[in-house]
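Have a look at the structure below, then the notes.
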Amino acid sequence: QEALIAPEGVECFYSSSYRVGPDSDRMGYRLQGPVIRHKESPDMISDAVPWGAIQVPGNGLPIIMMADCQTTGGYPKIAGVINADLGLLSMMLPGDYLSFRRCAVTEAADASRALKGDLERIRVLLADHRSRPKDPSREIPADDGAMLLKFGGETFDVTWRII
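Each residue of the sequence shown is one higher than the one before, counting from 411 in the numbering used here.
Written out as structure tokens, the structure is:
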């Protein structure tokens with residue numbers, strides 16, 4: 411539905427940074443930043459709104475539809491967040507900044523496969539960690555844990571405490 415947005419509005423969207431607004435929640439992240447102009451009326455016949463869709467209402471400020479979003483909406487969708495980025499997006503807080511770039515379907519599919527592979531490696535690491543014999547000299551209280559995690563080319567020393 412990018413065709414319903416003015417060309418300069420599309421350019422503005424992809425070349426700008428936006429801030430997650432304070433009125434954002436599990437239904438939608440209301441973004442603060444440059445206003446996106448529509449070609450004509452911002453209203454349209456309602457259609458499906460998936461998680462990650464980015465609508466541009468009449469005020470020109472994008473809204474990213476989140477996990478608890480409505481199922482239909484009557485504003486044009488300028489873009490959508492790829493599945494591989496939805497988890498990262500959902501961890502953003504009001505005040506955080508984000509920007510957008512175009513992504514081919516093949517690139518989105520590759521990113522989803524890479525994420526699936528990373529998550530599988532974490533699952534295997536956790537299973538391996540849990541199956542190792544316990545060394546009493548390194549015993550950690552039952553509510554605490556630690557592990558070395560390699561993810562995305564980086565190594566993290568992770569510890570936790572359950573209170």
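For each residue, glycine too, the CB sits at the ideal point set by N, CA and C.
Across which residues does DSSP place residue i in a beta bridge pair?
{"i": "Gln411", "result": "Beta-bridge pairing links Gln411 to no other residue."}
{"i": "Asp567", "result": "Leu558"}
{"i": "Thr482", "result": "Ala458"}
{"i": "Gly438", "result": "Met475"}
For chain C, is any of its Cβ atoms less than 7 Å away from the one on residue i?
{"i": "Phe423", "result": "The chain labelled as chain C is not found in the depicted structure, where only one protein chain is given."}
Nearest CA to the CA of residue i: which residue from the options?
{"i": "Leu558", "options": "Asp545, Ser541, Arg571 and Leu536", "result": "Leu536"}
{"i": "Gly563", "options": "Asp528, Leu503 and Ser522", "result": "Asp528"}
{"i": "Leu414", "options": "Arg512, Arg429, Gly468 and Gln442", "result": "Gly468"}
{"i": "Asn493", "options": "Ser509, Phe510 and Leu525", "result": "Leu525"}
{"i": "Val491", "options": "Arg542, Arg511 and Tyr428", "result": "Arg511"}
{"i": "Gly462", "options": "Val515, Ser500 and Gln442", "result": "Ser500"}
{"i": "Gln442", "options": "Lys544, Tyr507 and Ser456", "result": "Tyr507"}
{"i": "Arg571", "options": "Leu498, Phe561, Ser456 and Ala556", "result": "Ala556"}
{"i": "Pro432", "options": "Met502, Gly497, Pro460 and Phe423", "result": "Met502"}
{"i": "Ala518", "options": "Ser509, Leu496, Arg533 and Phe566", "result": "Leu496"}
{"i": "Arg447", "options": "Tyr424, Pro417 and Asp457", "result": "Pro417"}
{"i": "Gly470", "options": "Val420, Arg540 and Thr569", "result": "Val420"}
Please look up how many angstroms separate the CB atoms of residue i and residue j, rounded, as I've assumed it's under 8 Å.
{"i": "Gly505", "j": "Val430", "result": "7 Å"}
{"i": "Gln465", "j": "Pro472", "result": "7 Å"}
{"i": "Phe561", "j": "Ile532", "result": "7 Å"}
{"i": "Ser509", "j": "Ser426", "result": "7 Å"}
Please classify residue i: does DSSP put it in a helix, a strand, or coil?
{"i": "Ala494", "result": "helix"}
{"i": "Leu499", "result": "helix"}
{"i": "Glu418", "result": "helix"}
{"i": "Gly527", "result": "helix"}
{"i": "Ile446", "result": "coil"}
{"i": "Val515", "result": "helix"}
{"i": "Ser509", "result": "strand"}
{"i": "Val466", "result": "coil"}
Query raised in the report: Using 8 Å as the threshold, is the stretch 476 to 487 in touch with the stretch 433 to 444, meaning 3 or more CB pairs across them?
Result: yes
Report task. For the stretch 484 to 492 and the stretch 448 to 461, state whether three or more C-beta atom pairs, one from each stretch, are separated by less than 8 Å. Result -> yes
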